[in-house]
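Chemist: According to numbering that gives the first Met the number 0, the stretch in the sequence shown is residues 0 to 478, in order. All residues carry an ideal CB built from backbone N, CA and C; glycine is no exception. Note that the structure is a prediction, hence the values are computed from the model and not measured. Pasting in a structure now, in structure tokens, and then I'll have a few things to ask.
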Amino acid sequence: MAEPAARMQHQRDFALTIDGQFVAGDETLDVIDPATEEVFAIAPAAGREHLEQAVAAARRALRAWRALSFEERAELIRQYSVLLRERKHELGELLTREQGKPIGQSVAEFERGTAQADGMAGIEIPVEVLLEDDNRRIELHYRPLGVVGIITPWNAPAALALGSLSAALYTGNTVVLKPSPYTPLTTLRMGELAQQVFPPGVVNVLAAGNDLGQWMTEHPDIDKISFTGSVATGKKVLATASETLKRVTLELGGNDPAIVLDDADPQAIARSLFFACFVNSGQVCMAVKRIYAHESVYEELCSALVDEANAARVGNGLDPDTKLGPLQNRMQYEKVSEILEETKNNGATVLTGGEIPDRPGYFIPPTLVTDVDDDSRIVSEEQFGPVVPILKFTDPEDALRRANDTRYGLSGSVWTSDPARGKALAERMEVGTAWVNQHRAVSAYVPFGGAKQSGLGRQYSIIGLKGYMEPKVVSVAKQ
Ligand code: TXE
Numbered sequence: 000m001a002e003p004a005a006r007m008q009h010q011r012d013f014a015l016t017i018d019g020q021f022v023a024g025d026e027t028l029d030v031i032d033p034a035t036e037e038v039f040a041i042a043p044a045a046g047r048e049h050l051e052q053a054v055a056a057a058r059r060a061l062r063a064w065r066a067l068s069f070e071e072r073a074e075l076i077r078q079y080s081v082l083l084r085e086r087k088h089e090l091g092e093l094l095t096r097e098q099g100k101p102i103g104q105s106v107a108e109f110e111r112g113t114a115q116a117d118g119m120a121g122i123e124i125p126v127e128v129l130l131e132d133d134n135r136r137i138e139l140h141y142r143p144l145g146v147v148g149i150i151t152p153w154n155a156p157a158a159l160a161l162g163s164l165s166a167a168l169y170t171g172n173t174v175v176l177k178p179s180p181y182t183p184l185t186t187l188r189m190g191e192l193a194q195q196v197f198p199p200g201v202v203n204v205l206a207a208g209n210d211l212g213q214w215m216t217e218h219p220d221i222d223k224i225s226f227t228g229s230v231a232t233g234k235k236v237l238a239t240a241s242e243t244l245k246r247v248t249l250e251l252g253g254n255d256p257a258i259v260l261d262d263a264d265p266q267a268i269a270r271s272l273f274f275a276c277f278v279n280s281g282q283v284c285m286a287v288k289r290i291y292a293h294e295s296v297y298e299e300l301c302s303a304l305v306d307e308a309n310a311a312r313v314g315n316g317l318d319p320d321t322k323l324g325p326l327q328n329r330m331q332y333e334k335v336s337e338i339l340e341e342t343k344n345n346g347a348t349v350l351t352g353g354e355i356p357d358r359p360g361y362f363i364p365p366t367l368v369t370d371v372d373d374d375s376r377i378v379s380e381e382q383f384g385p386v387v388p389i390l391k392f393t394d395p396e397d398a399l400r401r402a403n404d405t406r407y408g409l410s411g412s413v414w415t416s417d418p419a420r421g422k423a424l425a426e427r428m429e430v431g432t433a434w435v436n437q438h439r440a441v442s443a444y445v446p447f448g449g450a451k452q453s454g455l456g457r458q459y460s461i462i463g464l465k466g467y468m469e470p471k472v473v474s475v476a477k478q
């Protein structure tokens, strides 16, 4: 177990990054270790003037940056990935202290994030010939949008920043990046390290409260917002961005269903399904948030998932034996605790977990509940925490209808020993991604994003990259 009372880190240990310079904030943010509830670091907080400086720097840097070739920009992105991977243990520890997740998963977040950045930076975006005949040649070019504002949440700050950052940079844009006020430190460090690779002004990183996000979304010199976070805030971002007709990519919440068919083997799928629900203590946009199990496998699946839950050690993420860390912040801890209490009061059966320990830290044990109504909060809302309902069905058509009966549409999965049967059902899920016998499988080459109110646009793949570019037709009449 790492040093419990690690040195308090002060504002001078972290800096805003503006135009290649490391800058102190006007004010500060207290950063809380969610495993202890103690303030363990003080981060700088930017004011409006810092945003003005960062946007001006990003705009100045744009001319030279967009003039580089895709390959030249890709080379710098790969260099940045190497730098981050070299420091993945140090960065991973910082991420665990501010976010709470197990240290192995923090380190993996850098491995995964940089692999995705490198993958995207290898995707060719060719000029497309739309039409060519004796009279004319019509081409479709993709141009950078300009300055991209990136706003990230607190559940996977490094991977989500890297996904948007690498897409924006590779496609020739410059960036102002803002992490969540709950988890500013890792992103500030990533901003400092970026200056070893990218020219001044290409990557600017500012931390502050939610107001900064609003200012970015309003700013007339920011051309696009790439936002990851809640549906409610995503709607505000879209409304505010409309004033300047900014482009937006919104990666929002989900209430992902997993449908377990009668031919699935509960023992074989339990581990994968358990971690699809509970990784990062359920604080994942694409975590499974409700399980629909066929009545013939229901009992066995419940008991196999309970075994997994009982074996998953909950604790401080710095302890290498920890499998599930705390919730990231008090707001989320209280929200999940409240939903859990309401679920119990409404007569649900708690299969495992369910009791919140009286100890420091935002800990909630992995909890599985049954005997809940479809319209209860635990089923119909995005709980974003380690409390998951298991619901019984008889007819797969009924399961599909209930799975689709939501305003969310991020992803979903079907579990079966017959992949063709699973695929047929998956094709009818109203989601951005439908998996069979897996969940949470993402890649640089595959678009990810939400149907319905789970988002707008896609991240990753050539589809995601084109969201950071303006299509431009060049039409030439032949003599
Ligand atoms: O998210 P917000 P919060 C869900 C989860 C959680 C709820 C609220 O259910 O309980 O959202 O979490 C910035 N204009 N998810 O309040 O507000 C903010 O500073 C522009 C699911 O932390 O969405 C932060 O950087 N930006 C989600 C970012 O938005 C604004 C992940 C995200 O914060 C802003 C996180 C504004 N008006 C929470 N207000 C997922 N599914 O991935 C805030 N921000």
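Output needed for aspartate 262: all residues of its chain with C-beta closer than 7 Å, excluding positions within five of it in sequence on either side, in chain order.
Modeler: Around aspartate 262: Thr415, Ser416 and Asp417.
Chemist: Measuring from the CB of serine 179, is there a heavy atom of the ligand ADP at a distance below 8 Å?
Modeler: Because the ligand ADP does not appear in the structure shown, any question about it cannot be addressed here, the ligands present being the ligand TXE.
Chemist: With DSSP run on the structure shown, which of helix, strand or coil describes alanine 4?
Modeler: Summary for alanine 4: the model assigns pLDDT 45, below 50, so the residue's position carries little reliability; its value from the coordinates is reported in the next sentence. Three-state result, alanine 4: coil.
Chemist: Span of the alpha helix (DSSP H) holding glutamate 354?
Modeler: Segment: none, glutamate 354 is in no alpha helix (DSSP H) and carries neither H nor E.
Chemist: From what residue to what residue does the beta strand (DSSP E) around isoleucine 363 run?
Modeler: Taken as a continuous stretch (DSSP letters only), isoleucine 363 belongs to no beta strand (DSSP E), as it is neither H nor E.
Chemist: Cα separation between proline 125 and leucine 323?
Modeler: Rounded to the nearest angstrom, the two C-alpha atoms are 44 Å apart.
Chemist: The ligand TXE and proline 152: does the residue's C-beta get closer than 8 Å to at least one heavy atom of that ligand?
Modeler: Flag set: Cβ of proline 152 near the ligand TXE.
Chemist: Going by C-alpha distance, which of Gly456, Lys471 and Ala275 is nearest valine 247?
Modeler: Nearest option by C-alpha distance: Gly456.
Chemist: Between the C-alpha atoms of histidine 9 and histidine 49, what's the straight-line distance to the nearest angstrom?
Modeler: About 20 Å.
Chemist: With proline 143 and glycine 171 assumed to form a contact (beta carbons below 8 Å), what rounded beta-carbon distance in angstroms separates them?
Modeler: At roughly 3 Å, the Cβ-Cβ gap stays under 8 Å, so proline 143 and glycine 171 are in contact.
Chemist: Is glycine 463 helix, strand or coil when you go by DSSP?
Modeler: Reduced to three states, the DSSP call for glycine 463 is helix.
Chemist: Can you find a heavy atom of the ligand TXE that lies under 8 Å from the Cβ of valine 236?
Modeler: Yes - the ligand TXE has a heavy atom lying nearer than 8 Å to the Cβ of valine 236.
Chemist: Does the distance from the C-beta atom of phenylalanine 383 to that of glycine 252 stay below 9 Å?
Modeler: A contact, by the Cβ cut-off of 9 Å.
Chemist: Does the Cβ of leucine 390 lie closer than 8 Å to at least one heavy atom of the ligand TXE?
Modeler: For the ligand TXE, not one heavy atom lies less than 8 Å from the Cβ of leucine 390.
Chemist: If we ignore side chains and look at the alpha-carbon of each, how far apart do threonine 95 and glutamate 337 end up?
Modeler: Near 25 Å, if we compare the C-alpha coordinates of glutamate 337 and threonine 95.
Chemist: For the ligand TXE, is there a heavy atom less than 8 Å away from the beta-carbon of asparagine 209?
Modeler: It does: the Cβ of asparagine 209 is within 8 Å (strictly closer) of some heavy atom of the ligand TXE.
Chemist: Under the assumption that glycine 421 contacts valine 435 (Cβ atoms under 8 Å), give the Cβ distance between them as a whole number of angstroms.
Modeler: Indeed they touch by this definition, with Cβ atoms about 4 Å apart.
Chemist: Let me know the secondary structure DSSP gives asparagine 130 once reduced to three states.
Modeler: The sequence as given places leucine at residue 130; asparagine does not occur at that position. Leucine 130: strand per DSSP, three-state reduction.
Chemist: Specify the secondary structure class of asparagine 254 as computed by DSSP and reduced to three states.
Modeler: If DSSP states are grouped into helix, strand and coil, asparagine 254 belongs with coil.
Chemist: Is leucine 251 near the ligand TXE, going by C-beta to nearest heavy atom under 8 Å?
Modeler: Result yes, Cβ under 8 Å from the ligand TXE.
Chemist: Have a look at the DSSP bridge pairing and note the partners of arginine 142.
Modeler: In DSSP, arginine 142 forms a bridge with Glu469.
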